[in-house]
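Scroll down for the structure; my scribbles are underneath it.
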Amino acid sequence: MTSAAVDLEVVTDQPGGTWATVGRHMLRRPDVILATLVSLFFIVVAAFPGLFSRTDPQHCDISVAKIKPQGFGHPHPFGTDPSGCDVLAQLAHGARPSLLLAFTVVGASLIIGIALGLLSGFYLGWVDAVVSRLLEVFLVIPLLLAALLLLSLFRNIDAGDGDFATIVQPAIVLTGFGWMGYTRYVRAAVLESKNLDYVRAARALGASDLRLMFSHILPNAIASVTALVPTAIAGVISAEAVLAFLGIGVRPPAISWGIMISSGAPWFTGGYPYLLLFPLGCLLATVLSFVVIGDNLRDALDPKLK
Amino acid sequence: MVSYVIRRVLLGLFTVLLVLLLLHLLTTLAIQLNGNPALAFFGDHVPTASQLHAVEVRYGLGDSCYQQPGNPCLGPFWHRLSEYAHGDFGTDLEGRPLTDLLAQALPNTLRLFVIVTITWLIIGMLLGSVAARFRGRPIDHSIRLTSVLIDAFPVFVMLVVYRFIFTVPLTTWARRTFGSDSIPALLFKPSYSEEHPWLTLIIPGLLLGLTGCAPFLRLVRAAQLENYNAEHVRTARSKGLSNAHVTAYHIVRNSSVPVVTAVGFVFADALSGAVITEGVMNIRGMGNLLWQSVQKSDVSVVVGIVTILSVVTIGVMLLVDLAYAALDPRIRLD
Numbered sequence: 001m002t003s004a005a006v007d008l009e010v011v012t013d014q015p016g017g018t019w020a021t022v023g024r025h026m027l028r029r030p031d032v033i034l035a036t037l038v039s040l041f042f043i044v045v046a047a048f049p050g051l052f053s054r055t056d057p058q059h060c061d062i063s064v065a066k067i068k069p070q071g072f073g074h075p076h077p078f079g080t081d082p083s084g085c086d087v088l089a090q091l092a093h094g095a096r097p098s099l100l101l102a103f104t105v106v107g108a109s110l111i112i113g114i115a116l117g118l119l120s121g122f123y124l125g126w127v128d129a130v131v132s133r134l135l136e137v138f139l140v141i142p143l144l145l146a147a148l149l150l151l152s153l154f155r156n157i158d159a160g161d162g163d164f165a166t167i168v169q170p171a172i173v174l175t176g177f178g179w180m181g182y183t184r185y186v187r188a189a190v191l192e193s194k195n196l197d198y199v200r201a202a203r204a205l206g207a208s209d210l211r212l213m214f215s216h217i218l219p220n221a222i223a224s225v226t227a228l229v230p231t232a233i234a235g236v237i238s239a240e241a242v243l244a245f246l247g248i249g250v251r252p253p254a255i256s257w258g259i260m261i262s263s264g265a266p267w268f269t270g271g272y273p274y275l276l277l278f279p280l281g282c283l284l285a286t287v288l289s290f291v292v293i294g295d296n297l298r299d300a301l302d303p304k305l306k
Numbered sequence: 001m002v003s004y005v006i007r008r009v010l011l012g013l014f015t016v017l018l019v020l021l022l023l024h025l026l027t028t029l030a031i032q033l034n035g036n037p038a039l040a041f042f043g044d045h046v047p048t049a050s051q052l053h054a055v056e057v058r059y060g061l062g063d064s065c066y067q068q069p070g071n072p073c074l075g076p077f078w079h080r081l082s083e084y085a086h087g088d089f090g091t092d093l094e095g096r097p098l099t100d101l102l103a104q105a106l107p108n109t110l111r112l113f114v115i116v117t118i119t120w121l122i123i124g125m126l127l128g129s130v131a132a133r134f135r136g137r138p139i140d141h142s143i144r145l146t147s148v149l150i151d152a153f154p155v156f157v158m159l160v161v162y163r164f165i166f167t168v169p170l171t172t173w174a175r176r177t178f179g180s181d182s183i184p185a186l187l188f189k190p191s192y193s194e195e196h197p198w199l200t201l202i203i204p205g206l207l208l209g210l211t212g213c214a215p216f217l218r219l220v221r222a223a224q225l226e227n228y229n230a231e232h233v234r235t236a237r238s239k240g241l242s243n244a245h246v247t248a249y250h251i252v253r254n255s256s257v258p259v260v261t262a263v264g265f266v267f268a269d270a271l272s273g274a275v276i277t278e279g280v281m282n283i284r285g286m287g288n289l290l291w292q293s294v295q296k297s298d299v300s301v302v303v304g305i306v307t308i309l310s311v312v313t314i315g316v317m318l319l320v321d322l323a324y325a326a327l328d329p330r331i332r333l334d
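Those protein sequences? They're chains A and B, same order as listed.
Per the UniProt record's numbering, the first sequence starts with residue 1, numbered consecutively.
Per the UniProt record's numbering, the second sequence starts with residue 1, numbered consecutively.
This is the structure in structure tokens:
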């Protein structure tokens with residue numbers, strides 16, 4: 001027991017040191033701080049849309065249609081759309097599907113990707129052969145083609161109402177075609193570190209395969225995978241907008257920024273530019289802030305650039 | 001080398017087979033859960049049982065396994081494989097052979113790809129090289145900022161903004177200034193035109209290329225930076241070679257290896273981008289064809305197109321691997 005405890009300490013101590021350095025590196029950059037604040041703001045919006053607008057986004061009164069933005073204090077501070085829905089309420093409630101989808105998809109693909117990468121790198125042999133074939137099959141079919149095919153094939157199947165039910169189909173498809181990057185990174189890191197001396201020592205002391213994988217090898221792979229996460233979240237948010245734009249992602253009556261963009265775009269030149277600009281601005285601000293965080297995290301974690 | 005190529009081709013064929021199987025299982029499951037796609041043939045009419053049966057047999061949906069959820073339907077799969085092997089890719093719901101449809105759509109998508117690739121190479125190589133050359137200076141930071149901004153712009157946002165905000169005033173302006181059939185007027189036309197395939201594709205291709213060039217740019221920068229600090233470059237400089245010579249032959253050429261491989265991967269990305277671009281700009285290419293057949297639930301066309309596209313992708317990946325070996329003498333294929 002004591003030897004195992006010593007092992008654990010050595011292994012966890014080092015990432016702690018790395019993470020502290022990474023944190024310091026990130027906090028020195030003003031753009032990272034700004035991006036973190038923006039993304040936190042939108043996460044709060046997605047979690048508690050009621051804080052930002054008391055109006056029900058589904059309650060649309062055609063008699064107040066196409067009011068231009070009035071500023072705060074007015075019942076419709078950001079105006080209303082052609083069917084009289086409140087734009088601010090829609091913006092606030094439209095954040096939830098995008099962000100919920102992004103975190104679900106990235107979380108699920110991380111789990112699948114890390115598990116498969118660990119298994120194939122650790123055992124090699126036929127496990128590796130099967131995983132590599134599987135990886136290639138999913139890599140060959142481009143994400144959007146797969147999403148197009150699957151979401152329209154299964155579009156008549158009703159998953160029910162509720163926040164999660166509206167995103168479950170896009171979530172499954174985007175996860176199914178999104179885990180490959182993590183698997184490759186984890187597999188490469190496992191191959192690099194599985195023959196290091198401390199891993200051999202732990203094996204000689206009788207550590208089980210699971211213990212070797214999770215507490216000795218995995219911490220080496222975590223850094224390279226972490227750098228991918230914020231960028232992947234940004235990617236899923238924009239993929240959701242694309243799917244909504246094509247009419248196969250989150251579908252009305254649920255609201256998302258993608259739907260607002262596609263329905264607001266034709267009104268831009270007709271004198272209602274805000275119908276496009278508000279959802280577009282929210283989408284770009286969110287995606288941009290995650291991309292900035294990801295970009296800096298990658299730099300901070302890349303030993304070559306130091 | 002030869003045995004490596006043979007092994008890769010065989011593995012590639014195996015992957016194609018697996019892709020086909022995956023697509024088959026998914027479409028079968030969808031048919032079993034969703035109902036009969038043969039009904040799509042009749043549109044709003046309600047067919048009699050014998051009419052429906054005739055159509056089902058005609059499109060290979062007659063097998064009873066399509067009514068049993070969970071049945072993998074391997075019989076029809078085998079049948080389709082043997083038809084593909086004979087070069088018969090089936091017909092769409094209106095009876096036109098898939099090969100004809102593809103022959104119409106392919107040139108436009110290829111034109112789009114040519115423009116996209118040229119955009120990538122020019123913007124990515126140019127900005128990437130400049131950023132690497134002036135590392136840490138203001139120009140490097142502004143190029144990196146631009147690449148982050150490009151990254152944050154989903155391709156459809158770019159296209160939608162261009163189509164709904166810029167095309168109308170630009171076309172009006174170009175028509176008024178240069179005449180309605182002039183080159184600038186056609187260049188900014190909001191949708192694709194059959195008579196001027198290249199001119200009307202330039203802007204959509206540029207936009208698609210622009211959104212894809214950010215990762216490419218970063219890769220070029222990283223690859224060149226690695227070479228700037230390499231020992232062979234220091235040797236070349238100490239031999240007294242000119243700066244331009246060192247940059248062209250020792251840095252750019254050496255850093256082209258990872259760049260070539262990236263083109264292969266970005267190719268698959270561009271296929272996805274093509275679906276959106278062709279949809280928004282009404283270009284009659286592969287992506288548009290696929291999108292329309294998806295909406296008509298024309299299963300045989302969808303499976304056929306995705307099959308052909310994945311074969312092309314596998315072929316491109318194979319070529320990339322071989323190019324890698326040809327460009328980098330350190331890599332031996334045995």
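Even glycine gets a Cβ: it sits at the ideal position worked out from N, Cα and C.
From a predicted model like this one, the values you see are computed outputs, not experimental measurements.
**Prompt:** Distance, Cα to Cα, L297 of chain A vs R218 of chain B?
**Reply:** Mapped onto the first sequence, residue 297 of chain A falls at position 297. Mapped onto the second sequence, residue 218 of chain B falls at position 218. Answer to the nearest angstrom: the Cα atoms are 15 Å apart.
### Query
Once you ignore the five residues that flank V6 of chain A on each side, which residues in its own chain have a CB closer than 7 Å to its CB?
Position 6 of the first sequence, counted from the start, is the residue given in the question as residue 6 of chain A. Annotation note: pLDDT 43 at V6 of chain A (below 50); position unreliable, coordinate value reported separately. Excluding positions up to five away in sequence, the list is empty.
Practice problem: Use the C-beta contact count for I233 of chain A: other C-beta atoms within 10 angstroms, 16 or more gives buried, fewer gives exposed. | Solution: If you number the first sequence from 1, residue 233 of chain A lands on position 233. Looking at its Cβ environment, which holds 16 or more other Cβ atoms inside 10 Å, I233 of chain A is buried.
| Roughly how many angstroms separate the alpha carbons of S289 of chain A and E94 of chain B, rounded to a whole number? | Here residue 289 of chain A corresponds to residue number 289 of the first sequence, with the count starting at 1. Here residue 94 of chain B corresponds to residue number 94 of the second sequence, with the count starting at 1. Computed Cα separation, rounded: 48 Å.
>> Determine, for A326 of chain B, whether the minimum Cβ-Cβ distance to residues of chain A falls below 7 Å.
In response: As a position in the second sequence, residue 326 of chain B is number 326, starting the count at 1. Not closer than 7 Å to any Cβ of chain A, the Cβ of A326 of chain B fails to qualify, so no.
Counting only C-beta atoms, is P97 of chain B closer than 7 Å to chain A at any point? Locating residue 97 of chain B in the second sequence gives position 97, where the first residue counts as 1. Between P97 of chain B and chain A, the shortest Cβ-Cβ separation is not below 7 Å.
Taking CB distances under 7 Å as the criterion, tell me whether T21 of chain A reaches chain B. Along the first sequence, read from residue 1 onward, the residue named residue 21 of chain A stands at position 21. Chain B has no Cβ within less than 7 Å of the Cβ of T21 of chain A.
*Could you check if Y198 of chain A is buried or exposed, using at least 16 other CB atoms within 10 Å of its CB as the buried criterion?*
Position 198 of the first sequence holds residue 198 of chain A. Exposed is the call here.
Could you tell me which of A:A102, A:G117, A:D128 sits nearest to I172 of chain A, measuring between CA atoms? Translated into the one-based positions of the first sequence, residue 172 of chain A becomes position 172. Cα-wise, what sits closest to I172 of chain A is A:A102.
| query | When you compare each of A:Y185, A:A254, A:I217 to A227 of chain A by their alpha carbons, which one comes out closest? | reply | As a working mapping, residue 227 of chain A is identified with position 227 in the first sequence. Nearest to A227 of chain A by alpha-carbon distance, out of A:Y185, A:A254, A:I217, is A:Y185.
- Consider the Cβ of V275 of chain B: report whether some Cβ of chain A lies at a distance smaller than 7 Å. The residue you call residue 275 of chain B lines up with position 275 of the second sequence. Yes, because at least one Cβ of chain A sits closer than 7 Å to the Cβ of V275 of chain B.
task = With 9 Å as the limit, tell me which residues of the stretch 118–142 of chain A have their beta carbon closer than that to any beta carbon of chain B; keep them in chain order.
result = R133, L134, E136, V137, F138, L139, V140, I141, P142
Measuring alpha carbon to alpha carbon, tell me which residue in A:A165, A:S152, A:V137, A:L212 is nearest G178 of chain A. Position 178 of the first sequence, counting from 1, holds the residue named residue 178 of chain A. That would be A:V137, whose Cα lies nearest to the Cα of G178 of chain A.
| Within-7 Å CB hit, residue 307 of chain A to chain B | What the structure shows of chain A is the stretch from 1 to 306, and residue 307 of chain A is not part of that stretch, so it cannot be assessed.
| field | Local conformation of P97 of chain B per DSSP, three classes | value | Residue mapping note: residue 97 of chain B aligns to position 97 of the second sequence, counting from 1. Here P97 of chain B sits in strand by DSSP.
Against chain B, does V291 of chain A count as a neighbour if the rule is that its beta carbon must be under 7 Å from one of theirs?
Along the first sequence, read from residue 1 onward, the residue named residue 291 of chain A stands at position 291. With 7 Å as the cut-off, V291 of chain A counts as an interface residue toward chain B.
Quiz item: So I222 of chain A is in the alpha helix (DSSP H); what residue range does that whole segment cover?
Solution: If you number the first sequence from 1, residue 222 of chain A lands on position 222. 218–226 is the span of the alpha helix (DSSP H), which, as asked, contains I222 of chain A.
- Can you pull the DSSP bridge partners for H79 of chain B? Translated into the one-based positions of the second sequence, residue 79 of chain B becomes position 79. Answer by DSSP bridge pairing: none, since H79 of chain B is not bridged.
Helix, strand or coil at T307 of chain B [DSSP, three-state]
Taking the second sequence and counting its residues from 1, the one referred to as residue 307 of chain B is at position 307. Correct three-state label for T307 of chain B: helix.
If I measure Cβ to Cβ from V131 of chain A and keep anything under 6 Å in the same chain, skipping five residues before and after, which residues do I get?
For the purposes of this step, residue 131 of chain A is identified with residue 131 of the first sequence, where counting begins at 1. Answer for V131 of chain A: L116, S120, listed in chain order.
Exercise. Just the Cα atoms here: how many angstroms apart are G75 of chain B and D88 of chain B?
Worked result: By one-based count along the second sequence, residue 75 of chain B stands at place 75. By one-based count along the second sequence, residue 88 of chain B stands at place 88. Rounded to whole angstroms, G75 of chain B to D88 of chain B spans 17 Å at the Cα level.
key: Inside the stretch 68–135 of chain A only - alpha helix (DSSP H) runs reaching at least 4 residues   = 87–123
What residues from chain A crowd round F164 of chain B, counting only those whose CB sits closer than 8 Å?
In the second sequence, the residue the question calls residue 164 of chain B occupies position 164. Those are A265, P266, F268, T269, L276, listed as they occur along chain A.
Requested in this report: Locate the alpha helix (DSSP H) running through Y228 of chain B, then write down its first and last residues.
Outcome: As a working mapping, residue 228 of chain B is identified with position 228 in the second sequence. Here the alpha helix (DSSP H) through Y228 of chain B covers 197–228.
Point to revise | Beta-carbon proximity list for T36 of chain A, same chain, < 7 Å, skipping 5 on both sides | key: Stepping through the first sequence from its first residue, residue 36 of chain A is reached at position 36. Within the same chain, T36 of chain A has close Cβ partners I293.
Do you know whose CA, among A:H93, A:Y182, A:T286, A:H216, lies nearest S193 of chain A's CA? Translated into positions along the first sequence, residue 193 of chain A becomes position 193. Among A:H93, A:Y182, A:T286, A:H216, the Cα nearest to that of S193 of chain A is on A:H216.
(message) Check whether the stretch 176–189 of chain B and the stretch 152–159 of chain B touch, using three or more Cβ-Cβ pairs below 8 Å as the test.
(response) Because the criterion of three Cβ pairs below 8 Å is not met, the stretch 176–189 of chain B and the stretch 152–159 of chain B do not touch.
Thinking C-alpha only, which one of B:I183, B:F77, B:M317 is nearest L17 of chain B?
Residue 17 of chain B sits at position 17 when you count from the first residue of the second sequence. For the residues B:I183, B:F77, B:M317, the minimum Cα distance to L17 of chain B belongs to B:F77.
ask   = Which bits of chain B does L297 of chain A rub up against, with CB to CB less than 7 Å?
value = In the first sequence, counting from the first residue as 1, residue 297 of chain A sits at position 297. Neighbours of L297 of chain A on chain B: none; closest Cβ ~13 Å, over 7 Å.
Through-space distance from E278 of chain B to R284 of chain B, alpha-carbon basis | On the second sequence, position 284 is the one that residue 284 of chain B refers to. On the second sequence, position 278 is the one that residue 278 of chain B refers to. When the Cα atoms are used, R284 of chain B and E278 of chain B turn out to be separated by approximately 7 Å.
May I ask you to list the residues that DSSP assigns as paired with T175 of chain A?
Walking along the first sequence from the start, residue 175 of chain A turns up at place 175. Bridge partners of T175 of chain A: none, in fact.
| 7 Å Cβ cut-off: residues of chain A touching I314 of chain B | The residue given as residue 314 of chain B occupies position 314 in the second sequence. Within chain A, the residues near I314 of chain B are V140.
Which residues of the stretch 150–163 of chain B have a Cβ closer than 9 Å to any Cβ of chain A? Give them in chain order. Within the stretch 150–163 of chain B, the residues whose Cβ lies closer than 9 Å to some Cβ of chain A are D151, A152, F153, P154, V155, F156, V157, V160, V161, R163, listed in chain order.
With DSSP run on the structure shown, which of helix, strand or coil describes T313 of chain B? The residue given as residue 313 of chain B occupies position 313 in the second sequence. Here T313 of chain B sits in helix by DSSP.
Nearest-angstrom Cα separation, counted from V287 of chain A out to I237 of chain A
In the first sequence, the residue the question calls residue 237 of chain A occupies position 237. In the first sequence, the residue the question calls residue 287 of chain A occupies position 287. Whole-angstrom Cα-Cα distance: 7 Å.
Fill in: Same chain, Cβ closer than 7 Å to F216 of chain B, neighbours up to 5 away in sequence not counted
Along the second sequence, read from residue 1 onward, the residue named residue 216 of chain B stands at position 216. The answer, listed in chain order, is W120, G124, A262, V266.
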